Every structure is written in C-alpha cells, then in structure tokens.
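According to this note's numbering, the sequence shown holds residues 1 to 800 in order.
Note that CB positions come from ideal geometry on N, CA and C, so glycine has one too.
Quick caveat, the model's predicted, so the values are computed rather than measured.
Below: the structure, in structure tokens.
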Amino acid sequence: MGHMSLYEAGARRATAALAMAALVAMVLAAPFAGPGTAGAQASFNDIAGQPAEIQQAIIYAADKGYMQGYGDGGFHPNDATSRIDCARALVAIFGHEGESADPSITFTDLPESDPAFKWANLAVKHGYLDRLPDGSFAPNQGVLFERVAQAAAVGMGLNDVAMNVNQLIGGAPYYGGAMTVFMDLHLKYRYSKVWPGQSYPRGEMALTLYRIDNVESWRPWYVRESFTAATCRLPEASSEQFQAVSFGFERLGCPYVYGGERESEGGFDCSGFVYNTLSIRLGYPMMRVADDQARDSRYLYVTRGALEPGDAIFFYEEAGADPSGYIGHAGMYVGNGLFIHSTGSNGGVSIDCLDNNDYWGTHFAWGRRVVGGPYNDRFDTWLLLYNPSDEELPVEVKYLLPQGEPSVQEYTVAPRSRYNVPVDNLLPWDEFSMQITAPEPGVVAERAMYFDYLDWADGGHASVGDVEAALKGYFAEGYTGEGFDTWLLLANPGSEEARVEVSYLLESGSPVIEEYAIPPHSRFTVKVNDVEGVGRGGVGISYRSLNGIPVAAERAVYFDYHGITDGHCSQAVEAVSTHLYLAEGYTGEGFDTWILLANPNPDPAEVEVSFLVQGGRNVSTVREVAPHSRLTINARELVDDASFGVAIDSRNGVGIVAERAMYFRYHGAIGGGHCSAAVGGPARTMYLAEGYAGGSFDTWILLANPNAEVAHVTVTFAREDGGQVVRMLDIPARSRSSILANEVGGLEGSSFSTRVDCDLPLFVERSMYFYYQDRSGGTNCPALEAPSTQRFFAEGYTGG
1 MGHMSLYEAG ARRATAALAM AALVAMVLAA PFAGPGTAGA QASFNDIAGQ
51 PAEIQQAIIY AADKGYMQGY GDGGFHPNDA TSRIDCARAL VAIFGHEGES
101 ADPSITFTDL PESDPAFKWA NLAVKHGYLD RLPDGSFAPN QGVLFERVAQ
151 AAAVGMGLND VAMNVNQLIG GAPYYGGAMT VFMDLHLKYR YSKVWPGQSY
201 PRGEMALTLY RIDNVESWRP WYVRESFTAA TCRLPEASSE QFQAVSFGFE
251 RLGCPYVYGG ERESEGGFDC SGFVYNTLSI RLGYPMMRVA DDQARDSRYL
301 YVTRGALEPG DAIFFYEEAG ADPSGYIGHA GMYVGNGLFI HSTGSNGGVS
351 IDCLDNNDYW GTHFAWGRRV VGGPYNDRFD TWLLLYNPSD EELPVEVKYL
401 LPQGEPSVQE YTVAPRSRYN VPVDNLLPWD EFSMQITAPE PGVVAERAMY
451 FDYLDWADGG HASVGDVEAA LKGYFAEGYT GEGFDTWLLL ANPGSEEARV
501 EVSYLLESGS PVIEEYAIPP HSRFTVKVND VEGVGRGGVG ISYRSLNGIP
551 VAAERAVYFD YHGITDGHCS QAVEAVSTHL YLAEGYTGEG FDTWILLANP
601 NPDPAEVEVS FLVQGGRNVS TVREVAPHSR LTINARELVD DASFGVAIDS
651 RNGVGIVAER AMYFRYHGAI GGGHCSAAVG GPARTMYLAE GYAGGSFDTW
701 ILLANPNAEV AHVTVTFARE DGGQVVRMLD IPARSRSSIL ANEVGGLEGS
751 SFSTRVDCDL PLFVERSMYF YYQDRSGGTN CPALEAPSTQ RFFAEGYTGG
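Laid out in structure tokens, this is it:
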C-alpha cells in the first residue's frame with residue numbers, strides 16, 4: 001500500500017469519527033486485549049483518573065490497532081511513548097502497515113526476525129523516525145515530543161509547509177516548522193505539560209492519533225494557506241525586533257499554563273508569554289495582564305496595517321468590540337499577517353495567522369510597539385472638537401495621507417461639550433492632514449501636537465487650521481538659521497492634482513520660487529531648510545495654485561533658541577491686509593517677542609507698528625518692507641520689560657501679513673515658544689476648542705479691549721462631560737485682562753473649550769504652558785469668530 005495523503009485518508013477518518021461515540025459508551029464493558037494485539041472495544045484498568053478526552057482517545061487508538069495495552073491490564077497513560085510504539089502507531093495511521101520492509105534499512109539493536117523490526121523499518125523509510133547515529137533504533141527509548149510533531153507533519157503531507165516555517169524562523173529551533181503545523185492542527189492536548197525535549201506520554205500520543213484521524217477539515221487548508229513561501233519571510237526590521245521574534249520562536253511547542261510567565265512555572269499563558277519575551281528577556285517594563293498591556297500608553301499604539309515584527313498585539317474577548325471592550329488575549333506580531341502566541345486551544349506556543357482565520361481576524365483589537373520604547377520621543381497629535389450648540393453634532397474627519405486612500409472616521413460631540421480625538425490611536429506612525437466636516441451650525445476645531453523633534457527639540461504646538469482650502473495663502477514667519485528647522489505642510493482635499501507655486505520671501509534678495517505637484521486627497525511636506533537658494537535666515541512664504549485646485553497649508557518651526565527648545569506652528573493667512581492686530585506680547589524676564597512682517601507684493605510697504613503697552617503708553621515705529629520680502633522686529637529693542645498688544649498699519653495701502661513669535665521660560669522653568677498670525681479685527685463672540693487645567697498644564701485666556709468703553713464679558717467653559725462653568729468680568733477701556741483657567745472653580749483637572757461673549761468687540765487668544773510626558777513648552781492660538789461646517793489642518797504627525 002503506497003503513501004496515503006491527508007486528503008486520501010479523509011473518508012477513513014470521517015468513518016472513525018462516527019465510531020467514536022459508540023466506543024466511548026462501551027469502554028467499561030469491552031474485554032482487554034493482551035500485549036501485541038489491538039483491543040477491539042478495549043478497556044484498561046488504569047485510565048479512570050485520566051481526563052475524559054484522554055480516556056476516549058486511548059480506547060480509540062487501541063481499537064484501531066494504533067497502540068497496545070500491557071499484560072497487567074493497564075495502558076500506562078503517563079509513561080513515555082517508546083520509539084517502537086510510536087513507529088507502529090505512525091505506520092498504521094498513515095496507511096503503510098501492508099508494506100514490506102525495506103531491506104536496505106537495518107538496525108544494530110533490532111534484528112529482522114523481531115516482529116517490531118517492520119514497524120521500525122517502515123517508520124524510518126517514510127521519514128517518521130530516524131535511525132540513530134550508531135545505527136541503532138533504540139526501540140524502548142522514549143520518543144521526544146518534537147519528533148512526534150515532525151512525523152505528523154510528514155505523514156499528513158504538510159512537511160513542505162513546515163519547511164516554509166523553518167525558513168521564517170531561521171531554522172531555530174530545528175523542529176519549529178513541524179511544531180507550528182502540529183499545534184495549529186490541534187494535535188496536542190490543550191492541558192499538556194510536555195515541553196520540547198521531553199518524552200511524549202502515551203495518553204497524549206493516543207489523543208494525537210485520534211485527532212490526526214479526525215482533524216477539522218478546514219485546518220489543513222488554513223495551515224497551508226497561512227504558511228506559504230511568501231508569507232514565511234520576515235519583513236525588514238531592527239535587530240532588536242528580530243531578537244524579540246527569535247526569543248518567541250524559541251518557545252514554540254511550550255505548554256500553555258494559566259498564570260504562567262516563566263519556565264519554572266511550567267509554561268506560559270498568553271500575556272505571560274508576551275511579558276516573558278518583551279519584559280523579562282528584553283528588559284522592557286510591561287504590565288502583566290493582557291487588558292493592561294493593551295492600554296499601556298507608554299508604548300506606541302499600532303493599527304493592524306502598521307504592525308511590525310516584535311509588536312505586542314491584542315484581541316478582544318468579544319468579536320467586533322469597540323476600544324472599550326475587554327482585551328482577553330495577547331500575542332506578538334511576526335510579519336505578513338503571522339503572529340506567535342500561547343493559547344490553550346493550540347496547547348501552547350504556536351504561530352497563527354490574522355488573515356486566514358475568522359476568529360483572530362474578527363477579535364483583533366490593536367498592537368503596541370514595545371521594542372524600542374517607551375516612545376517618549378515621538379509625536380502625539382490630538383484633534384479637539386467643541387460643539388457649542390444645544391444639539392448633538394456628528395463630525396466627519398477625513399485623514400489625508402501622503403499616499404493611498406484617505407481614512408474616514410465619524411465622531412459624535414454632545415451638546416455644549418468638548419471632545420478629544422487622540423489621532424495616534426488611529427494613525428500610529430503617519431504624517432497626515434485632516435479635513436473636518438460637520439452640519440450646521442458647525443463645529444469649533446483645533447489640533448494640538450506634542451513632540452520630541454529629532455531628540456533635540458521637545459515641546460508642543462497648536463493650530464486652528466483653515467476654514468477652507470484656498471487658491472493662495474501667506475506666512476510671515478519662517479527661519480532656517482542655526483538651530484531652526486522650518487517645514488511647509490500642504491494638503492489637497494480635492495479629487496484632482498494641485499499644482500502649487502511657492503515663493504520663499506527672503507530678508508534680502510529675490511524670492512526663491514518652487515513648484516510642487518500635490519496628488520488628490522493627500523498631504524505634501526517640504527523642509528524649507530533644504531530648498532535650494534533659501535540659505536540661512538528669516539523667510540516668509542506665499543503660495544498660489546496654478547491650476548485652480550485649492551489647498552490648505554500650515555508652517556511648522558522646530559527650534560533651539562538660546563537653549564530654549566520647542567516648536568510652533570501657524571495656519572496660512574488667505575489674504576493680505578492693511579490693518580492687523582496682535583493681542584499678546586511680552587518682553588519681561590524670560591520672554592522675547594518678535595514681530596514678523598511679510599510683503600508678497602511687487603511694491604514696497606510702508607508699515608507703522610504700534611506697541612500698545614499695558615498702562616496706556618504707546619510706542620510706534622515705521623518700517624519699509626521691500627517687495628517680495630520679509631522683515632523682522634525684535635520688540636525688546638522698543639518696549640523692554642512690558643506687556644503689550646500690537647497694531648500694524650500699512651500707511652501706503654500695500655497689503656501685508658504679520659505674525660508674532662514668542663520665546664520664553666515660563667516661571668523660569670518651562671522653556672518653549674509659540675507663534676500666531678495677526679488678525680484683521682475684534683469680534684463680540686469668539687471660540688477656543690482647546691484648554692486643559694489638569695496635570696502640569698497652565699491655560700490662560702487672554703482678552704484685549706481696544707474700545708474706548710468698558711467691556712462686559714461672559715466667559716463660558718464647556719467641559720468634556722457637558723458641564724459648563726461661567727465667569728463674568730469687566731475689562732476697562734483700552735486694556736487687557738487674563739484668566740488663569742486653573743484657578744476657575746469647576747475646571748480642576750478638566751479638558752475644556754471656551755466661548756467668550758461681550759457687548760463690545762474684543763481680541764481673544766489662549767496660551768498654554770505645560771509639561772507633557774517630560775516635554776515642556778507652550779502653545780498659543782487666536783480665538784475663532786464662529787463654528788464652521790468645514791475646517792482643514794495641513795499638519796499632523798504621529799511618527800518618531
């Protein structure tokens with residue numbers, strides 16, 4: 001009889017499965033068959049204490065003639081399976097018992113006259129067992145667990161799959177491929193305590209034989225489809241990521257033990273395996289339970305599409321749960337959809353596939369990038385949404401990526417409340433832009449980012465974005481000198497490519513002009529320092545669409561300013577103006593303020609800059625801003641040790657844009673900087689989406705009254721939970737007032753948004769100073785005059 005494949009044996013195994021129930025029912029009544037014979041409907045005097053599943057398998061294996069009992073009436077289920085017992089079972093179950101022995105295969109310790117010779121000979125012939133180096137077979141020696149796994153892979157026609165897995169794991173351990181096949185076919189007893197290198201017990205051998213005959217029909221397909229030559233290749237990764245998966249591979253075949261995390265405990269449960277590999281062996285501090293590991297924000301949140309080798313991955317207890325659902329299982333990602341884990345269903349540590357198994361696919365939650373962490377050197381991006389209306393508000397956010405289709409998410413913001421979106425939870429390692437859409441009456445939105453830029457500039461910045469994509473825009477600020485990196489971020493939310501001309505306005509000389517093509521629904525990034533011809537120094541920016549496709553833009557600057565490191569970011573200004581205002585400025589101890597003016601026109605602009613010093617003293621200066629250029633004013637040179645606002649007027653009618661940059665040591669400790677664009681005028685109602693009065697954050701609401709009368713102001717703080725805190729105050733004529741939100745009762749520890757209502761038009765800004773995960777800095781944003789049904793943010797990054 002020739003070699004019988006798994007598929008050819010299917011009919012026989014199906015019949016065997018039907019016979020199982022009848023065999024179990026008659027287990028106690030069946031007579032014992034003596035040594036060397038198969039016991040039809042056999043019973044044994046020493047299996048009553050075995051688990052029911054093992055008892056049933058023993059009866060099955062004896063009845064089929066795969067295994068035999070002993071003369072004392074017992075089966076000896078806990079004894080090691082001898083090599084000759086294993087040989088007989090494998091030759092029989094894989095259909096070779098009718099074959100003649102191969103005369104070329106002999107043994108020094110088993111003569112051809114021995115009845116057991118044939119089983120040993122055929123087992124060696126078909127690759128199930130091996131002849132030992134000294135030429136012996138050692139028939140009474142216990143067979144090792146891994147050798148049973150290798151034989152099963154060969155006999156079931158899946159040895160080529162095992163070889164693919166061996167390629168994946170680099171051949172270490174040598175039995176890893178066969179063990180993966182064995183475990184994924186569920187051929188191991190789920191409560192087994194046997195490790196590779198140990199002899200395989202007779203009771204568990206019987207269970208393996210039963211399961212070979214009765215394997216679930218889809219499992220061989222799953223194994224073959226999951227472990228192809230293509231999938232069994234490790235993706236590119238760091239040496240430490242490779243080390244993590246190599247440590248995991250070493251555990252293939254080790255038992256599942258609930259609560260286990262060390263070899264001394266006999267095995268590993270799911271989170272214990274992850275903990276052992278990444279924490280005990282690699283040294284990363286980790287929590288112990290899967291749900292806690294999954295929610296450990298010290299490590300980068302990773303979506304399925306962004307997984308890398310060595311990432312810890314997690315599974316919901318219930319299929320399709322939302323992120324609040326309980327995490328009931330953990331593993332470690334290998335690559336190409338494969339992951340390694342310890343699970344009771346497989347009997348221990350094995351490799352599975354996310355793509356070809358409905359259970360793992362529907363229960364997958366997310367991953368955490370532990371290797372290389374904790375990730376305090378990365379960028380965190382937050383989208384802050386404020387719904388000042390009395391009705392629930394649906395908000396759609398489209399995340400535009402440098403390549404590929406946008407990701408679209410929907411959020412619901414409760415009435416009169418603030419909502420936080422931690423973008424890292426969706427896009428853990430990406431650069432992106434955002435398009436926000438909401439129905440009338442609209443939403444107030446800001447974006448905040450906290451970072452450690454290239455390990456030399458830690459801090460944060462915030463932006464209110466653009467209310468619409470535009471055909472042109474301007475930035476007054478930008479610097480490419482030593483210690484400063486300037487980035488231009490462009491977003492094309494449209495369905496056609498945008499061709500954009502950018503003019504870099506220098507403090508002297510002609511502008512540098514570049515043209516960029518921005519694909520539809522995408523984000524585009526330019527490091528201004530690297531633009532040929534820009535050189536080192538101050539630079540303003542103007543841009544225009546050449547083909548009528550509007551874009552949104554922001555400019556980000558990361559800096560080391562006399563030892564103060566941070567970053568700041570501003571949205572584009574869509575139009576030049578002849579009258580502009582800045583509510584905030586300060587040149588007291590630890591603060592420097594710079595006024596940046598940009599003239600994108602062909603004619604010079606004659607500009608008067610008036611510093612409206614708190615207390616009534618005004619200081620003015622007149623400067624000429626050359627055509628297509630930028631001008632910088634150090635406020636300290638005109639108003640030292642003062643708090644002030646700024647009025648900017650073009651005396652010859654040539655429109656300009658202006659920004660204010662501030663660098664500081666807040667309370668002598670928090671070093672940072674922020675930047676905001678000048679605004680065209682005050683308003684009676686204004687909104688700010690961001691604000692936080694918890695942890696190590698100070699949030700200031702800055703109010704400036706440019707009027708000749710007292711302004712009566714109502715400030716409403718809207719918390720995340722829908723609660724509101726109201727404060728009323730009067731601001732004297734031509735004066736400024738500040739509210740430290742941390743001192744407002746009812747805001748303690750709260751994230752909040754702010755609405756300002758006044759009987760007279762005001763200028764409103766918000767400044768924040770913070771320690772965020774050991775990063776210090778400050779942000780500033782001007783208030784928005786109204787909610788909007790659209791808003792665009794060109795900048796967004798969650799990478800390292």
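Which of the three DSSP states is assigned to residue i in this structure?
{"i": "Ala138", "result": "coil"}
{"i": "Ile84", "result": "helix"}
{"i": "Gly267", "result": "strand"}
{"i": "Ser345", "result": "helix"}
{"i": "Pro394", "result": "strand"}
{"i": "Pro220", "result": "helix"}
{"i": "Val181", "result": "helix"}
{"i": "Thr685", "result": "strand"}
{"i": "Val413", "result": "strand"}
{"i": "Ser100", "result": "coil"}
{"i": "Tyr797", "result": "strand"}
Counting only the same chain and skipping the five closest in sequence on each side, list residues whose C-beta sits under 6 Å from that of residue i.
{"i": "Ile503", "result": "It is Ser, not Ile, that sits at residue 503 in the sequence shown. Cβ within range, chain order: Pro511, Ile513 and Ser542."}
{"i": "Cys182", "result": "According to the sequence as given, residue 182 is Phe; it is not Cys. Only Ala149 and Ala152 meet the Cβ criterion."}
{"i": "Trp487", "result": "Lys527 and Ala556"}
{"i": "Asp322", "result": "none"}
{"i": "Ala86", "result": "The displayed chain sequence assigns Cys, not Ala, to residue 86. These residues qualify, in order along the chain: Val143."}
{"i": "Ala552", "result": "Asp466, Ala469, Ala491, Phe792 and Ala794"}
{"i": "Ser643", "result": "Tyr586 and Gln614"}
{"i": "Gly361", "result": "Leu354"}
{"i": "Leu760", "result": "Asn707 and Ala711"}
{"i": "Val24", "result": "With a pLDDT of only 39 at Val24, under 50, the local geometry of the prediction cannot be trusted, and the value read off the model is given with reservation. The answer, listed in chain order, is Gln56."}
In chain order, what residues of the same chain lie with their CB nearer than 8 Å to the CB of residue i, ignoring the 5 residues before and after it?
{"i": "Asp233", "result": "As written in the sequence, residue 233 is Arg, which differs from the Asp given in the question. Hits under 8 Å: Gln167, Leu168, Gly335 and Asn336."}
{"i": "Ala172", "result": "Ser246, Phe249 and Glu250"}
Work out the CA separation of residue j and residue i for me, nearest whole Å.
{"i": "Ile739", "j": "Ser767", "result": "10 Å"}
{"i": "Glu819", "j": "Lys118", "result": "Absent from the structure is residue 819, since the part of the chain shown begins at 1 and ends at 800."}
{"i": "Val257", "j": "Gly267", "result": "5 Å"}
{"i": "Leu207", "j": "Tyr66", "result": "11 Å"}
{"i": "Gly745", "j": "Arg727", "result": "10 Å"}
{"i": "Asp730", "j": "Leu762", "result": "12 Å"}
{"i": "Gln243", "j": "Gly283", "result": "12 Å"}
{"i": "Tyr326", "j": "Thr108", "result": "59 Å"}
{"i": "Lys803", "j": "Arg83", "result": "Outside the shown range of the chain, which is 1 to 800, sits residue 803, and nothing can be said about it."}
{"i": "Ala689", "j": "Tyr175", "result": "58 Å"}
{"i": "Thr81", "j": "Leu122", "result": "18 Å"}
{"i": "Arg623", "j": "Thr699", "result": "34 Å"}
{"i": "Asn742", "j": "Asp566", "result": "23 Å"}
{"i": "Ser802", "j": "Leu612", "result": "Look at the range of the chain in this structure, 1 to 800, and you will see that residue 802 is not part of it."}
{"i": "Asn618", "j": "Thr578", "result": "20 Å"}
{"i": "Leu6", "j": "Val161", "result": "In this prediction, Leu6 scores a pLDDT of 32, lower than 50, which makes its location untrustworthy; the coordinate-derived value is nonetheless stated afterwards. When rounded, the distance between both Cα atoms is 14 Å."}
{"i": "Gly778", "j": "Ala448", "result": "11 Å"}
{"i": "Glu574", "j": "Val764", "result": "20 Å"}
{"i": "Ile309", "j": "Met332", "result": "The sequence as given places Pro at residue 309; Ile does not occur at that position. Their Cα atoms are separated by approximately 8 Å."}
{"i": "Lys64", "j": "Ser136", "result": "28 Å"}
{"i": "Phe44", "j": "Thr231", "result": "46 Å"}
Excluding five sequence neighbours on each side, which residues of the same chain lie with their C-beta closer than 7 Å to the C-beta of residue i?
{"i": "Tyr772", "result": "Tyr450 and Gly460"}
{"i": "Ala661", "result": "Glu477, His568, Trp594, Leu596, Gly673 and Cys675"}
Any idea if residue i is buried or exposed, counting beta-carbon neighbours within 10 angstroms, 16 or more meaning buried?
{"i": "Gly404", "result": "exposed"}
{"i": "His674", "result": "buried"}
{"i": "Thr228", "result": "exposed"}
{"i": "Tyr479", "result": "buried"}
{"i": "Trp456", "result": "exposed"}
{"i": "Pro787", "result": "buried"}
{"i": "Trp218", "result": "exposed"}
List the DSSP bridge partners of residue i.
{"i": "Leu400", "result": "Ser433"}
{"i": "Asp649", "result": "His579 and Glu608"}
{"i": "Leu747", "result": "Paired residues: none, contrary to the question."}
{"i": "Lys527", "result": "Trp487"}
{"i": "Ala312", "result": "Met332 and Arg368"}
{"i": "His674", "result": "Met662"}
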